[in-house]
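Worksheet: one structure, shown below.
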């Protein structure tokens, strides 16, 4: 109820702050009999972890997932999968300068007001470190969904936008550049921009696009639990996300019905995909396509005026090792959350019919 | 689990199809002792109901909410509030022409594939008629939130966009025009566009903006159940919604941190509100601002090619009484869903501290 | 959360007080495609309804279930099944004599203290009238479980106990006597006792035994959601229940392991059934057997001393039409709750394996 | 959904098998600001742990609870409390003799049938080792309920029953004998019986009684979530439990209403307590009293005939270190589960009224 669980039948509950001994989680509801490739889980962790390239935070965390239960002889047993990830590099002293200060556009102020306490050593549960657990669990979910392929990539950094359409992209390129944009030229421009922004002690936002292929028809519930509502909630629960749209999205609001309707082929597929793979909240078998907007990281390496917990104006300057742009490392998180949603809805859908 | 409930502590469960005898719902978790003004509930129903103006569907439904339980001597008793709304005007024959036809960009195909059956008489649970129950329950939630003011309005119809900012709007104007746009001139242009579109047998999309004033600091949970994630899920669960953004939204993704950070005043309020009233998933006391994109209604009064349940290409033409633009009637639905989220998070937040 | 829902995947939510216009409920999660025999549902209602024999309350309620949604052409559609049951015979004046009085061993005092209000016209949600909704929903659940046979019967009234074992009983006898005891001789004695007790203005308790045949192996979860824990919670949620035991029950606590262990036959069945059909919280395919203790009805037709809401001692005498023994009418309620549990666990178990 | 969570607002989720590296859990929903005495948590662990006396299993487990999150400077932060308990003494080889054998009246057969796999090294999730996590979490819940005192004790071992009533007991005696019976003489007899039974390679059942003092009026919900239904489910979820009764229990079923009704004192307390502190599912401020029946442990140190996974009859003999009677070590588990229920209902009740 306090909001640390995600999903209904394939359910992840997480715990941990960035500066405790470890973070971790429990996956409850993974069916028995899944051969789990633990190495693949760790590969997803590498995609998210800090220090992986020159344009992300240089903190060092090995982010090794240790599974404590729910696996036996290489397979899931149907019982809860508990796991922990050590916080190897806590460096609490990085945060002493902000102990009594509310950083602008962070959760410091709201968190303190809500709970009457604040773990100033790194944002408590508001730290993006928590997303490491999501990536671990999402990697399990991905393996449950063996015929479904989830691919996210950077589609905008600041005002540089990827112009090509999904059909024209070479997805093999995504992991070849640190920005994770599938168009090499655009990727290079984005990387240059991020380096410039960082040299100014500033940060910049961006957009992630995600395409899910191979989804069977029928996932999603027609009323409150529409598939895109669950995907939206999942994405909006990621740190720094400001918006979510699927299919035609906000641009679709400007169209006429005669332009926007997706006409059928005789096999039930559609000639266009303004619907983004979901009609009436239920997957229609076409590619699911959505976009997620991320704000610029709030921690700047510049001086900013702010207030302290006494309500006094003070000047602060960010220290430590932060991302100038959150988007490249957000790619595996977006994929993980999408996998968690689909695994959950896949299990839910087993009971749609007798 | 099958997705017909919304909320955790203030929980609405709904039932009913557009062509049964009645639809209805149960609100479980409304605290005892709330003086409920039933007349105000009915006023909200009038704002949503069909036939209220020349630019919406001309179906006639009285949409009278009949409360069956949970009230005694004018107050809530703390027990479930059951209510029903009769389907007065079912006109099943309006739908006979689509019995075996999958309408493009509707839920017909996905629904049939999911459940192995289809109530062709109006879309089953995919019908927007279900939202009448949301408006009824939302009107109860609004009364629970007596110091919180939720105001939604039309901010775009097709490519006509409201240019004024919230601070410059006269909210009194909203209910004075059938489009529910607070700027009379823009409203007139929008109305003209809707009439034109309708005369072509076509439809058009739009955008709703919603501002929530008077929210206390502290509503929202820091991880999966961020306040904006719940608002997003709520909005995305409304029929025809394609996108959700709050605060700076998608535009914020193009900004730099130094432009986007909201600097504090000494009282904890902020000088700007790119955060949209929510920081780290928790309300900060500033106005909550979000926008919701609606696609054009899929039912056209034009000929369209489509397929039937045998997979044969057929030609169909919409009949009946449909909205050329869903946005004006969506306003009270957006407000209702926002009220349901806030009521739920208000109760949840009572347990944040000892 | 406020406790008016039961089940996870096959979920019943109920509303309604005994003195409102109607009570009702929503079944969410019944799979599509079930041919529902509405007449059978009504037959279960007849087994529970007041006025059915000389030894139960003489109130008259037709207790007709009206289904409002979720059915189409005789089958479930996979969408929520909403239903209402009118309160035909409210007779609010029967209760005016207890308006300010807390009846001993009723919920009057606790309810008032909890909610700060009390609907004195019949106990509010504490009225056993609410169980009519459970019987209606349970009758749907029974039809989902077509190969499972649930049989409850009276095994004790006061100190008169049914001595025969289940294997020696003729279950056809159950519905042939008003007590619903399958042994005609014992049934006659029980009926005589109830009549005597009633003539004294007194009431008496009893025990219901329930046997469930044809349960597949594998229903139940090994930790918190053991099958017998769910059955226990279900039974203890019925008005007037004081205890629950399954298999060997309390008597099993006095045995030695060498006496109590159920040895296997080679087909996995067991030679004895002290386990009551459940091992480690999971059904083992043997008959599930449990017993439920009901206290004597608290409303007496005798003078009793009690207090009023001012804390003053007053004398009261029950009026109206109450059951001298709740057990005969509790039989279909016990069966209904068992059916709800099994339907839920049947659906849950579909996801135990890949 | 897979049943590894307990509670709604104060929610415990556990993971772990007896033979993995560690077991653990997450408490989600503990309000911020509770000063947590970690030493007291560990004391509860000592009461449950194996090897604590001559009459329990001689396995050695330090059972040290390591808290990983949710605490800062000695207080709860309002965020999830993650904890792990190492499995120090796994001795997997103890179980090799039962690898292919289904032990009678264990979960081996049902577990294997349900999941298609079986972790034979100690029962998987069916192992009572899982209850260590319940005791840890219950110890946190106890500290949240500072004015509520929960006391469980052994009231029967085999056919030896504690004859004294709660009012006549010296609760200080409970922890002074290994049986945890508050009457020294009865305790001695029980201990003698357990030693005898063990010397025969046999086991014996028993009954635990629990009294909860200082409960405020108003905890519990009137319909499905009656307080005693939650307590019953909690107790029935403990390994080896066969029955639950509260207040007058099964004996109450033999009484007349005129004997059973609890007459009021003018302060709302009652002269008798057949109600067991709960009326209409809601606490009435009197002591909550309930009893829990435990079957004899199924693992015998005797030869037994059973079947293997091929369905062949085989002879087996228990090895290893098992409890001859589960009741003494069950006392802290019963208390822990009661504490979890009360903490949950305490938080739920905060929202009963405006």
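Residue numbers (this note's numbering), protein chains in the order written: chain A, 2 to 355; chain B, 2 to 355; chain C, 2 to 355; chain D, 2 to 355.
Positions of the beta carbon are idealized from the N, C-alpha and C atoms, including for glycine.
Where do the N-terminal and C-terminal ends of the alpha helix (DSSP H) with residue i fall, by residue?
i	result
residue 272(A)	Premise fails: residue 272(A) is in no alpha helix (DSSP H) and is neither H nor E.
residue 138(A)	132–145
residue 213(A)	Per DSSP, residue 213(A) belongs to no alpha helix (DSSP H); it is in the beta strand (DSSP E), 207–214.
residue 111(C)	109–116
residue 218(D)	Here residue 218(D) belongs to no alpha helix (DSSP H), and DSSP marks it neither H nor E.
residue 62(B)	Neither: residue 62(B) is in no alpha helix (DSSP H) and is coded neither H nor E.
residue 85(D)	Here residue 85(D) belongs to no alpha helix (DSSP H); instead the beta strand (DSSP E) covers 82–87.
Give me the Cα-Cα distance between residue i and residue j, rounded to the nearest whole angstrom.
i	j	result
residue 194(C)	residue 107(C)	24 Å
residue 172(A)	residue 148(A)	17 Å
residue 140(A)	residue 69(A)	16 Å
residue 245(B)	residue 157(B)	14 Å
residue 251(A)	residue 8(B)	26 Å
residue 300(B)	residue 187(A)	39 Å
residue 174(B)	residue 189(B)	12 Å
residue 295(C)	residue 155(C)	11 Å
residue 275(A)	residue 31(C)	32 Å
residue 345(D)	residue 242(C)	22 Å
residue 39(B)	residue 134(C)	26 Å
residue 50(B)	residue 4(B)	24 Å
residue 289(A)	residue 215(A)	9 Å
residue 161(A)	residue 334(A)	22 Å
residue 229(B)	residue 318(C)	56 Å
residue 1(C)	residue 33(A)	An answer regarding residue 1(C) cannot be provided, because it is not within the stretch 2 to 355 covered by chain C.
residue 105(B)	residue 278(B)	38 Å
residue 254(D)	residue 146(A)	53 Å
residue 199(A)	residue 87(D)	44 Å
residue 13(A)	residue 48(A)	20 Å
residue 18(D)	residue 128(D)	7 Å
residue 309(B)	residue 99(B)	9 Å
residue 231(D)	residue 121(D)	31 Å
residue 64(A)	residue 22(D)	19 Å
To the nearest whole angstrom, what separates the beta carbons of residue i and residue j, a pair I think is in contact under 8 Å?
i	j	result
residue 43(A)	residue 66(A)	6 Å
residue 303(D)	residue 259(C)	6 Å
residue 26(B)	residue 84(B)	6 Å
residue 165(B)	residue 184(B)	6 Å
residue 219(A)	residue 111(B)	7 Å
Could you please give the first and the last residue of the uninterrupted beta strand (DSSP E) stretch that includes residue i?
i	result
residue 29(C)	23–29
residue 317(D)	314–318
residue 57(C)	No beta strand (DSSP E) holds residue 57(C); DSSP gives it neither H nor E.
residue 332(A)	Where residue 332(A) is concerned, there is no enclosing beta strand (DSSP E), although the alpha helix (DSSP H) it sits in stretches over 328–350.
residue 12(B)	12–16
Completely contained beta strand (DSSP E) runs for the stretch 147–189 of chain A, where each covers 3 or more residues: You should have 150–158.
Positions along the stretch 121–149 of chain B whose CB lies within less than 7 Å of some CB in chain D: Under the 7 Å Cβ criterion, the stretch 121–149 of chain B contributes no residue.
Runs of beta strand (DSSP E) wholly within the stretch 228–311 of chain D (minimum 3 residues, chain order): DSSP runs (the beta strand (DSSP E)) wholly in the stretch 228–311 of chain D: 242–247, 289–295 and 304–309.
Members of the stretch 327–354 of chain B that neighbour chain D once the beta carbon cut-off is set at 8 Å: The residues in question are 348, 351, 352, 353 and 354.
Members of the stretch 11–45 of chain D near chain B, C-beta cut-off 8 Å: Answer set for the stretch 11–45 of chain D: 30, 32, 33, 34 and 35.
Within 7 Å of chain B by C-beta, residues of the stretch 209–227 of chain A in sequence order: For the stretch 209–227 of chain A, which is checked against every Cβ of chain B, the residues closer than 7 Å are 218, 219, 222, 223, 224, 225, 226 and 227.
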